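Taking the UniProt record's numbering, the leading residue of the sequence shown gets 1, the next gets one more, and so forth. All C-beta atoms in this analysis are idealised placements derived from N, C-alpha and C, irrespective of residue type, glycine included. Bear in mind the structure is a predicted one, so any value in this text is a computation, not a measurement. Below is one structure; the comments refer to it alone.
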Amino acid sequence: MKGNRLGVITNGDRTQQRQKLDRMGIADYFEIVVASGDVGYSKPHPRIFEGAAELAGRKLKELTYIGDDYDSDIEPCEALKIRGVWLNRGKEGKDKSFPRMISTLHELKGHLQTTV
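Right, here's the structure in full:
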């Protein structure tokens, strides 16, 4: 994980997202926050993901994206060849399976260490 840049892609407001990260005490870990208003497109539109890749200075295929909404997060990742990790907390898609799926954020670190 060292040497990787962390970012957030949100359909919400940039300022509110930063405030959420601040409240959780993790804002310093995230260099990049891309809000739909920044690029004029919302997830699942490809342009919001492309904007994040541009800000990170990476190609889409070099990104790993963790999302909790299958339709808005994971499907566009698959279409754009982004490595997606689905955070499926059991609220949706119980009939869906995905090779890189976690059910809690506690699983994320171990998963990324073995897949990134």
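- prompt: Do you know how far the Cα of G90 is from the Cα of T104?
  reply: In a straight line, the C-alpha of T104 is about 10 Å away from that of G90.
query: Along the chain, where does the alpha helix (DSSP H) that runs through R100 open and close?
result: If you look at R100, you'll find it isn't in any alpha helix (DSSP H); DSSP assigns it neither H nor E.
field: Close beta carbons around K81, own chain, < 8 Å, minus the five adjacent residues each side
entry: For K81, the CB contacts under 8 Å within the same chain, skipping 5 residues up- and downstream, are L60, K61 in chain order.
Helix, strand or coil at L63 [DSSP, three-state]: Residue state, collapsed to three classes: coil.
task: Write down every uninterrupted run of the alpha helix (DSSP H) in the segment 3 to 50 whose length is 4 residues or greater and which is fully enclosed by it, in chain order.
output: Listed in chain order, the complete alpha helix (DSSP H) runs (minimum 4 residues) inside the segment 3 to 50 are 14 to 24, 36 to 39.
query: When we look at the beta-carbon of A52 and count the other beta-carbons within 10 Å, is it buried (16 or more) or exposed?
result: Classification of A52: buried, given that the 10 Å Cβ count is 16 or more.
- prompt: Apart from the five residues on each side of it in sequence, which residues of its chain come closer than 8 Å, Cβ to Cβ, to A27?
  reply: R18, L21.
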